[in-house]
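Chemist: Sharing a structure below in structure tokens format, with a few things to ask.
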Amino acid sequence: MLIFEQSRAGRRAHVQAPASAEDTPDIPESLLRETRPLLPEASEMQVVRHYTRLSQKNFSIDTQFYPLGSCTMKYNPRACNTLAMLPGFLARHPLAPESMGQGFLACMYELQEMLKAVTGMPAVSLTPAAGAQGEFTGVAMIRAWHDANGDTGRNEILVPDAAHGTNPATATMCGYQVHEIPTGKDGDVDVDALREAVGAHTAGIMLTNPSTLGVFERRIEEIAAIIHEAGGLLYYDGANLNAILGKVRPGDMGFDVIHMNLHKTFSTPHGGGGPGAGPVGVSKRLEPFLPVPVVGYDGDEYYWITEDVRPQSIGRLSTFMGNAGVLMRAYIYARMLGSEGMHRVADFATLNANYLMAKLTDAGFDVAFPERRATHEFIVTLKRQQKELGITAMDFAKRLLDYNMHAPTTYFPMLVPECLLIEPTETECKEDLDAFVDAMVKIQQEAETAPELLKEAPHTQPVRRLDEVRAAKQLDLVWSGKVD
Amino acid sequence: MSNIPVDLKYAKTHEWARVNDDGSITVGISDSAQDQLGDMVFVEVPETGQGVAAGEASAVVESVKAASDVYAPVAGEIVEVNEGLADSPETINTDVYGNGWIFRMTASDKSELDKLMDAETYESFLASEDH
């Protein structure tokens, strides 16, 4: 039931309401609305129960195993939240003088330094407000660099066919044509096809390493040389950074730009449209183009580096300097881990994925690249089950919900038919990984003996199988004031 | 097993091309492609009169699983688009080689059609992709 449907005229939750009209600021009459806003009227108790119930209907990392591949759904340590909420950070006004925010600026400066160290990129800007904006920033800087060199004929960005959909979207948003590079049978980029595709029109390539196929791009140095020889730049999509944190650095692989999804690797809460952070790191030659402001340090005081000293900057991406609260959480996470802890993130993220892959293989499941070691994630293909039993990856995914586990990513990457992209992350213990394997084995048995259990799943959730076509075609998300 | 009519030509990117009596070419996606993509929710068709290069992304099909480009099998000009797909994209799922066509074009060089696969070659191509 919607909160609107519980509404009764005149009912109030007094805690939040101003005691009288005199308590509201002196707003000119001409700006006051004539009709009351369409808001639900409910008691505090009703509101608490309503939203508590809603939260209980949700699958979340705090309540369930959540192996959603390519999303790095790991535990968000409570300490990060607690410390980022210290009144000094919360109450800081973004326009306060630098002298009054030295503590916060010091944290942001150190975060920049830590991200530089762990990615091997000489300069970092924290301002992009999400991963997608970080990607946009990265390609916008590639464009700005070519433009500054007078090299304006480059109109194409290369994107492997296994890439995240955001990569071609980003290139298009930045005014580039997208040229797709195929993947070889072993899961690596087809380097011969890449050689054929590069030329004087190549602005750069957008690459995820490890790729979305859950394997490490082994010929990355060769790829970097091919692109650089053609005069292009390399963009690193940081989505899968969790696998290599503290182990290999994109800067050392030859990348010129990287964006980092702090909500993945650095464990800030996943936004779902809420505040995010997608910092970018760049090679020395791209530093002048970084978005401002960036935090500087003269050995004595921290200060903002702005357009005045960075005239070639691509500009500002948000009103202030990005989402300060999210950046604080990432800073605290990184400080708690230290460089030794970052190694352990990659160690256990890859160990957990390889353990799951080995157990599922033993249990009779087909993995997409059995000859390759998994990175932090891997792909199971249910093509055989589809052919022999008529059971799809979606059926498995929906049935997993009945076992109280969030489904892995389904049907991505599209290169592998009937795929589940499974990423356990480093924060799961062995018992929970084993429980997932047990659930998969039971579902396989059900697929063979009682397939309708899968076809009609989920059975135990607040809603049954949803009509995805209708959800995509007839989005209806805004309260219209009418109850159907 | 996917349906591969013998009177059509096929591209490696899974489009089909039918040569009409007037010499124009009707283009859609193959049965295998629609099966892989699943239920269609949106189709973006090109403009009529638009010139396209062979292999140029000329339409977009979006399913519940993914959005994919549809490439022109040969170079030429778009002469007609399937307006019906705007309201009923699912026609691609239900009648992929008939009412599920996406656009009709003229070819600037008919010999480019020879570079496309016949049904038998496309069938073995699908089998080889099936790793």
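Residue numbers (my numbering), protein chains in the order written: chain A, 1 to 484; chain B, 1001 to 1131. C-beta atoms are modelled at their ideal positions from N, C-alpha and C, and glycine is treated no differently. This structure is a prediction, so every number in the text was calculated from the model and none was measured.
Below 7 Å CB to CB, which residues in the same chain sit around G204 of chain A once its five sequence neighbours on both sides are set aside?
Modeler: Your numbering for residue 204 of chain A matches position 204 in the first sequence. Result list for G204 of chain A: I142, I157, I227, G232, L233, L234, Y235, in chain order.
Chemist: Would the beta-carbon of M440 of chain A fall within 8 Å of that of F365 of chain A?
Modeler: Here residue 440 of chain A is taken as the residue at index 440 of the first sequence, counted from 1. Here residue 365 of chain A is taken as the residue at index 365 of the first sequence, counted from 1. Yes.
Chemist: From the DSSP output, which residues share a beta bridge with E156 of chain A?
Modeler: Locating residue 156 of chain A in the first sequence gives position 156, where the first residue counts as 1. E156 of chain A pairs with A:Q177, A:T202.
Chemist: Once DSSP output is grouped into helix, strand and coil, what is the label at V1006 of chain B?
Modeler: Position 6 of the second sequence, counted from the first residue, corresponds to residue 1006 of chain B. DSSP places V1006 of chain B in coil when its eight states are reduced to three.
Chemist: List the residues of chain A whose Cβ lies closer than 7 Å to the Cβ of V1041 of chain B, in chain order.
Modeler: Translated into positions along the second sequence, residue 1041 of chain B becomes position 41. Neighbours of V1041 of chain B in chain A, taken as residues whose beta carbon is under 7 Å from its own, are V469, A472, K473 in chain order.
Chemist: Taking 8 Å as the CB-CB limit, is Y303 of chain A close to chain B?
Modeler: Taking the first sequence and counting its residues from 1, the one referred to as residue 303 of chain A is at position 303. Not an interface residue.
Chemist: Would you mind sorting A91 of chain A into buried or exposed? The rule is 16 or more other CB atoms within 10 Å of its CB.
Modeler: Locating residue 91 of chain A in the first sequence gives position 91, where the first residue counts as 1. Exposed: under 16 other Cβ atoms inside 10 Å.
Chemist: How far does the alpha helix (DSSP H) with F4 of chain A in it extend, from its first residue to its last?
Modeler: Working through the first sequence from its first residue, we reach residue 4 of chain A at position 4. Taken as a continuous stretch (DSSP letters only), F4 of chain A belongs to no alpha helix (DSSP H), as it is neither H nor E.
Chemist: Are the C-beta of P1046 of chain B and some C-beta of chain A separated by less than 8 Å?
Modeler: On the second sequence, residue 1046 of chain B is found 46 positions in, with the first residue counted as 1. It does not: the Cβ of P1046 of chain B has no partner Cβ on chain A nearer than 8 Å.
Chemist: Distance check for D1031 of chain B and G1076 of chain B, CA to CA, integer angstroms please.
Modeler: Taking the second sequence and counting its residues from 1, the one referred to as residue 1076 of chain B is at position 76. Taking the second sequence and counting its residues from 1, the one referred to as residue 1031 of chain B is at position 31. Answer to the nearest angstrom: the Cα atoms are 24 Å apart.
Chemist: Please determine, among A:L68, A:I3, A:P462, the residue with the shortest C-alpha to C-alpha distance to G214 of chain A.
Modeler: Counting from 1 along the first sequence, the entry for residue 214 of chain A is found at position 214. The shortest Cα separation from G214 of chain A among A:L68, A:I3, A:P462 belongs to A:L68.
Chemist: From K430 of chain A to T152 of chain A, what distance separates their C-alpha atoms?
Modeler: Sequence index remark: in the first sequence, residue 430 of chain A carries index 430 (1-based). Sequence index remark: in the first sequence, residue 152 of chain A carries index 152 (1-based). Distance between K430 of chain A and T152 of chain A, taken at the CA atoms: about 53 Å.
Chemist: Does any C-beta atom of chain A lie closer than 8 Å to the C-beta of V1096 of chain B?
Modeler: Along the second sequence, one-based indexing puts residue 1096 of chain B at 96. No, V1096 of chain B lies away from the interface with chain A (no Cβ there is under 8 Å from its Cβ).
Chemist: Against chain B, does Y411 of chain A count as a neighbour if the rule is that its beta carbon must be under 8 Å from one of theirs?
Modeler: Position 411 of the first sequence, counted from the start, is the residue given in the question as residue 411 of chain A. It does; some Cβ of chain B falls within 8 Å.
Chemist: Could you pull the start and end residues of the beta strand (DSSP E) that G281 of chain A belongs to?
Modeler: Start at 1 with the first residue of the first sequence, and residue 281 of chain A comes out as number 281. Looking at the DSSP string, the run of the beta strand (DSSP E) that includes G281 of chain A is 280-282.
Chemist: Whose C-alpha, out of A:D362, A:M342, A:M173, is nearest the C-alpha of K247 of chain A?
Modeler: One-based indexing of the first sequence puts residue 247 of chain A at position 247. Of the listed residues, the one whose Cα sits closest to K247 of chain A is A:M342.
Chemist: If you count every other CB in all the chains shown that lies within 10 Å of the CB of G134 of chain A, and 16 or more means buried, which is it?
Modeler: If you number the first sequence from 1, residue 134 of chain A lands on position 134. In the assembly as shown, G134 of chain A is a buried residue. Its beta-carbon has 16 or more other beta-carbons within 10 Å.
Chemist: Measure from the C-beta of A1174 of chain B to each C-beta in chain A and report whether the shortest distance is under 8 Å.
Modeler: Because chain B here runs from 1001 to 1131, residue 1174 of chain B falls outside it and cannot be looked at.
Chemist: Would you call the CB atoms of I258 of chain A and M121 of chain A closer than 8 Å?
Modeler: The residue you call residue 258 of chain A lines up with position 258 of the first sequence. The residue you call residue 121 of chain A lines up with position 121 of the first sequence. A contact, by the Cβ cut-off of 8 Å.
Chemist: Kindly identify the DSSP beta-bridge partner or partners of R1104 of chain B.
Modeler: Numbered from 1 along the second sequence, position 104 holds the residue referred to as residue 1104 of chain B. Note: R1104 of chain B sits in a beta bridge opposite B:T1026, B:E1080.
Chemist: Could you have a look at H259 of chain A and say whether DSSP puts it in helix, strand or coil?
Modeler: Taking the first residue of the first sequence as 1, we reach residue 259 of chain A at position 259. The answer is strand: DSSP assigns H259 of chain A an E or B state.
Chemist: Leaving out five residues before and five after G1051 of chain B in sequence, what residues of the same chain have Cβ atoms less than 6 Å from its Cβ?
Modeler: Position 51 of the second sequence holds residue 1051 of chain B. Correct list, in chain order: E1077.
Chemist: Can you grab the Cα-Cα spacing for the pair Y75 of chain A / G199 of chain A, in whole Å?
Modeler: On the first sequence, residue 75 of chain A is found 75 positions in, with the first residue counted as 1. On the first sequence, residue 199 of chain A is found 199 positions in, with the first residue counted as 1. Near 44 Å, if we compare the C-alpha coordinates of G199 of chain A and Y75 of chain A.
Chemist: Please check if any C-beta of chain B sits within less than 8 Å of the C-beta of M414 of chain A.
Modeler: As a position in the first sequence, residue 414 of chain A is number 414, starting the count at 1. Yes - at least one Cβ of chain B is within 8 Å of the one on M414 of chain A.
Chemist: Can you give the beta carbon distance from I314 of chain A to P291 of chain A, rounded, assuming they're within the 8 Å contact cut?
Modeler: Numbered from its first residue, the first sequence carries residue 314 of chain A at position 314. Numbered from its first residue, the first sequence carries residue 291 of chain A at position 291. Rounded, the Cβ-Cβ distance is 6 Å, consistent with contact.
Chemist: Does the beta carbon of P279 of chain A sit closer than 8 Å to a beta carbon anywhere in chain B?
Modeler: For the purposes of this step, residue 279 of chain A is taken as the residue at position 279 of the first sequence. Taking Cβ atoms only, chain B never reaches closer than 8 Å to P279 of chain A, which makes this a no.
Chemist: Applying the criterion that 16 or more other CB atoms from any shown protein chain within 10 Å of the CB defines a buried residue, is D395 of chain A buried or exposed?
Modeler: The sequence position of residue 395 of chain A within the first sequence is 395, counting from 1. Label assigned to D395 of chain A: buried.
Chemist: Within the stretch 49-130 of chain A, note down every full beta strand (DSSP E) run reaching 3 residues or more, in order along the chain.
Modeler: With a minimum length of 3 residues, the continuous beta strand (DSSP E) runs that stay inside the stretch 49-130 of chain A are 123-125.
Chemist: Enumerate in chain order the residues of its own chain whose CB-to-CB distance from E456 of chain A is below 8 Å, with the five nearest sequence positions on each side excluded.
Modeler: Position 456 of the first sequence, counting from 1, holds the residue named residue 456 of chain A. Contacts found: R464, R465.
Chemist: When the Cα atoms are used, what is the spatial distance from K1065 of chain B to E1056 of chain B?
Modeler: As a position in the second sequence, residue 1065 of chain B is number 65, starting the count at 1. As a position in the second sequence, residue 1056 of chain B is number 56, starting the count at 1. C-alpha separation (whole angstroms): 22 Å.
Chemist: State the Cα-Cα distance for the pair V1070 of chain B and V1061 of chain B, rounded to the nearest angstrom.
Modeler: Along the second sequence, read from residue 1 onward, the residue named residue 1070 of chain B stands at position 70. Along the second sequence, read from residue 1 onward, the residue named residue 1061 of chain B stands at position 61. Those two C-alpha atoms are separated by around 7 Å.
Chemist: Could you name the residues of chain A that V1064 of chain B contacts, counting a contact when the two beta carbons are closer than 8 Å?
Modeler: If you number the second sequence from 1, residue 1064 of chain B lands on position 64. Chain A residues near V1064 of chain B: E468, V469, A472.
Chemist: Terminal residues of the continuous alpha helix (DSSP H) containing L194 of chain A?
Modeler: Walking along the first sequence from the start, residue 194 of chain A turns up at place 194. Its alpha helix (DSSP H) spans residues 191-197.
Chemist: Taking DSSP's pairing of strands, which residues face W304 of chain A in a bridge?
Modeler: The sequence position of residue 304 of chain A within the first sequence is 304, counting from 1. W304 of chain A is bridged to A:V295.
Chemist: Identify the continuous alpha helix (DSSP H) that holds E229 of chain A and give its terminal residues.
Modeler: Translated into positions along the first sequence, residue 229 of chain A becomes position 229. Start and end: 220-229.
Chemist: Cα separation between V1015 of chain B and D237 of chain A?
Modeler: Indexing the second sequence from 1 puts residue 1015 of chain B at position 15. Indexing the first sequence from 1 puts residue 237 of chain A at position 237. Correcting the residue identity first, residue 1015 of chain B is Glu in this sequence and not Val. Distance between the alpha carbons of E1015 of chain B and D237 of chain A is about 30 Å.
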